[in-house]
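Participant:
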């Protein structure tokens, strides 16, 4: 039973003159709305760091729906109840209302805290708290309706009560899903959960509110008779919600579609009244500018609501020949999350708050008017940007020809849905996020503006209106929230037919607004084009939804003679430890295949590419997605396209049972024919490095002392490794062959490894004695680790990435040298460092060339690595770079050359043509010193892969000497450096 404090107070009305220091309803609004602010800030933080949060999509959706939307409905529902019933609760009840708001917040936090680590009983506890708060809210509203005297708008409050009672039912279904009941119940619960919460709780509440709020925002009079008649549609919407949710639970498609149509028809009955209010407002002359952001944002949100309803009905009807299975719920209904949550909920919430916050702050007509104007700054560009981005996401994921055509139309043909990959999605998401974030910025500006105006009013610099409505709208006399009073304290006059426009009237949506709309659209189109270009360069494509062939076999090689059955096969596939689990799946020929793909690897990034071109996009550890492979008419090969993963056995076989086999060995998307995988790249090694290449400084860096800390940043880029030849490189600090690190005997070396690449990477410092479990672990993109060792042994040490396949990562450039000079090393006049590595590249036209991460670059070839067929063997990351920029020395100088055979597979026989080594240091020990008793010298330093040492020599004559790998096949592939000796 409600407390007596939930009943209206008999206190006299407030004085007409507003006091910015007063408490009352405005004070309780501030206290009760604090959780809304908390959720907004938390949502911004989560959006920025979501890639490191498990189940981030679920988290963001529920922070919006449960955190922002539900709390806002509870706070503003109470506000509108008092306004519509013309009542005022006693001040003693406000503390209870704040407690109710905090109880709801505690329930939401508990639900989220239980869902992320999969603690279902904590989710149940959170759901119970949320349900208790909403039932308390509904009971309180009922008490206020019963206490009101002849309320005119009680139908809206009763709609609030009905909607509030639907949320606990939806919360219970959500809690049951936390126990992972499995299909078909998991899917049925999800659909019923969404219907109850989005169409029921939120949809009915918003629609009931708009019956009175919408004319007020438009500053036009509402027709009381028409409004009361339209309210009957709210009951029909409630019937539709209950019926559709029950139909979802019993898996009745026909009943479900019927009740969704009842809901849609009931909403249309209400919408007619809302549209008429808009028409009346358009025909009036408004003496001040309308609050355009609330109008545009709420209007856009309701359009998305209608589109979401139609989409739900269409998808549910499309499954009429099947049982209600997870294929409908998981793949299709979840696709409605974007239009319902991003398109409808967020826009209606922000639009309503943009209007309600200024009017509830009050302070007289001038304060309200200026704060409303602040909230509507750049309204049209913000709304255009946000809605265009939402539309692109919805159409890109539609997976059909119609969606692809509309996508191409929205982007004016500059981009198709198939090119809307991860880069395009990230950049456009950031643009939409900026549009949303502007609300918080403008809210702060509006608050400061309102405070400033209220202070001026208190000091006598402004004249207040004679009163305010229950919604905070100034007017000459008390008015209902729908009587259309204007901020100038006089109703707007209707515009007579044929009358000339009033030049003093605001221009409304004039040429400046058109310019803003074009600016917003142009921003989205430009960012989309840039993102799509990056996707093409980095190979991070989405599905080819726009082509109409997404998930289906390509034209000319489709289902062959196999007719589609109309049935769907859904398979869950996990990716971990370089394998698909399962790696062979059987699908009846003619069935559509849906793959629920998850990356179960703790560290590595993976993806799935099918031979017909269907691709999942890259999945970070813990992420999942749904891949629609279309109708399967023949056997189909699949693989992970991350470089080296396919070679390590990460392949998938789709077997079409009852159809002729086709293993995908012929030319298909992702495969090419006509060029042998082992063909060596044609290159002109005599040519100079490209104009954009900077020759690597081969000089040994100076000592860093007894304590050294440095950062190795992992990045991926297209880098030149031979004249005119670019490689898809993986790098430490941006270069093929990482920086030369120098440490001293007994010194402490700390490396901060930062992974700013697109896949998992790691580090192995050969010079350290340390357990590999922690410091050598693979870290996913965006993470970092600290790797500390003491360099206790002298030597020329290799460091490299140790993530599998290791050969691929090393051949892609992820290696370097750590030099620890031996005790009492004599000084040399010059010291150079040469790191030999070999590189294996996919030739143009061969298998895998189209999977390059960067346009124009050659991917690393696992096939050539396995066959030991390198394209080039180089010093310091580039073939023959020191032929065109020779090392320097003078006659009589002692020159020390530190050499490392970094591999990944080949060693070196290091020789200087025309020189003799009098000092040779190999793997921690001297093999030869200048004053040896036998008088011997050395012609070559022989090193196996991952071995190092140094040699010393003195040049007696000026000239040009050549340092080579005397395994001449490697020398002729680029392992050559000139030493220019002058007198």
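In the numbering used here, the protein residues as written are 922 to 1904. Glycine included, each C-beta is placed from N, C-alpha and C at the ideal position.
How would you call residue 1533, buried or exposed, if buried means at least 16 neighbouring beta carbons within 10 angstroms?
Facilitator: buried
Participant: Hey, out of 1780, 1169, 1840, whose CA is closest to residue 1562's CA?
Facilitator: 1780
Participant: Can you have a look at residue 1853 and say buried or exposed, based on whether 16 or more other CB atoms are within 10 angstroms of its CB?
Facilitator: exposed
Participant: Evaluate residue 1013 with the Cβ neighbour count: other Cβ atoms within 10 Å of its Cβ, from every protein chain shown; 16 or more gives buried, anything less gives exposed.
Facilitator: exposed
Participant: To the nearest angstrom, how far is it from the Cα of residue 1141 to the Cα of residue 1034?
Facilitator: 45 Å
Participant: Please classify residue 1770: is it buried, with 16 or more other beta-carbons within 10 angstroms of its beta-carbon, or exposed?
Facilitator: Flag for residue 1770 reads buried.
Participant: Taking only three categories from DSSP, how would you classify residue 1334?
Facilitator: coil
Participant: For the putative contact between residue 1449 and residue 1332, defined by C-beta atoms under 8 Å, what is the C-beta separation to the nearest angstrom?
Facilitator: 6 Å
Participant: May I ask which residues mark the beginning and end of the alpha helix (DSSP H) holding residue 1803?
Facilitator: 1802 to 1805
Participant: Are residue 1757 and residue 1829 closer than 7 Å when you measure CB to CB?
Facilitator: yes
Participant: Quickly, what does DSSP pair residue 1509 with across the bridge? List them, please.
Facilitator: 1578
Participant: Ignoring anything shorter than 4 residues or poking outside the segment 1696 to 1740, list the alpha helix (DSSP H) runs there in chain order.
Facilitator: 1727 to 1732
Participant: Out of curiosity, what's the CA-to-CA distance linking residue 1378 and residue 1370?
Facilitator: 12 Å
Participant: Would you check if the segment 1487 to 1505 and the segment 1516 to 1524 touch, i.e. whether three or more CB-CB distances between them fall below 8 Å?
Facilitator: The way I'd put it, the segment 1516 to 1524 does touch the segment 1487 to 1505; three or more beta-carbon pairs between them come closer than 8 Å.
Participant: In the DSSP assignment, find the alpha helix (DSSP H) that holds residue 1201 and state where it starts and stops.
Facilitator: 1174 to 1204
Participant: Hey, is the segment 1624 to 1639 in contact with the segment 1808 to 1827, meaning 3+ C-beta pairs nearer than 8 Å?
Facilitator: no
Participant: From residue 1913 to residue 1506, what does the alpha carbon distance come to, in whole angstroms?
Facilitator: The chain is shown only over 922 to 1904; residue 1913 falls outside these bounds and no answer can be derived.
Participant: Do you know whose CA, among 1003, 1375, 1324, 1301, lies nearest residue 1359's CA?
Facilitator: For residue 1359, the closest of 1003, 1375, 1324, 1301 by C-alpha to C-alpha distance is 1301.
Participant: Identify which residue in 1328, 1504, 1509, 1599 has its Cα closest to the Cα of residue 1529.
Facilitator: For the residues 1328, 1504, 1509, 1599, the minimum Cα distance to residue 1529 belongs to 1504.
Participant: Here's the rule: buried if 16 or more other CB atoms are within 10 angstroms of the residue's CB, otherwise exposed. What is residue 1512?
Facilitator: buried
Participant: For the segment 984 to 1027, which segments carrying the alpha helix (DSSP H) assignment without a break, of at least 4 residues, lie completely within its bounds, in sequence order?
Facilitator: 992 to 1006
Participant: Within a Cβ cutoff of 8 Å, which residues of the same chain sit near residue 1731, ignoring the five residues on either side of it in sequence?
Facilitator: 1721, 1722, 1758, 1823, 1824, 1825
Participant: Tell me which residues share the same chain as residue 1540 and place their Cβ nearer than 8 Å to its Cβ, disregarding the 5 neighbours each side in the sequence.
Facilitator: In chain order, 1496, 1518, 1519, 1520, 1526, 1527, 1528, 1546 place their CB closer than 8 Å to the CB of residue 1540, counting only its own chain and leaving out the 5 sequence neighbours on each side.
Participant: Quick check: what's the CA-CA separation for residue 1227 versus residue 1306?
Facilitator: 20 Å
Participant: Looking only at its own chain, which residues have a Cβ that is under 7 Å from the Cβ of residue 1861, when we skip the five neighbours before and after it?
Facilitator: 1830, 1831, 1832, 1887
Participant: Which one of 1767, 1281, 1661 has the shortest CA to CA distance from residue 1368?
Facilitator: 1281
Participant: Cα separation between residue 1544 and residue 1863?
Facilitator: 47 Å
Participant: Determine the burial state of residue 1772: buried for a count of at least 16 other Cβ atoms within 10 Å of its Cβ, exposed for fewer.
Facilitator: buried
Participant: Are the CB atoms of residue 1755 and residue 1706 within a distance shorter than 7 Å?
Facilitator: no
Participant: Would you mind sorting residue 1070 into buried or exposed? The rule is 16 or more other CB atoms within 10 Å of its CB.
Facilitator: exposed
Participant: According to DSSP, is residue 1785 part of a helix, a strand, or is it coil?
Facilitator: helix
Participant: Ignore the nearest five residues each way along the sequence and tell me which others in residue 1269's own chain have a CB closer than 6 Å to its CB.
Facilitator: 1127, 1219, 1222
Participant: Could you tell me how far apart the beta carbons of residue 1799 and residue 1661 are, in whole angstroms, since I believe they sit closer than 8 Å?
Facilitator: Not really, about 15 Å apart at Cβ, beyond 8 Å.
Participant: Does DSSP put residue 908 in a helix, a strand or coil?
Facilitator: Residue 908 cannot be examined here, being either before or after the span of the chain that is shown, 922 to 1904.
Participant: If we count the other Cβ atoms within 10 Å of its Cβ and call it buried at 16 or more, is residue 1622 buried or exposed?
Facilitator: exposed
Participant: Should residue 1023 be flagged as near chain D, meaning a C-beta pair shorter than 7 Å?
Facilitator: The chain inventory of the structure shown lacks chain D, comprising one protein chain alone.
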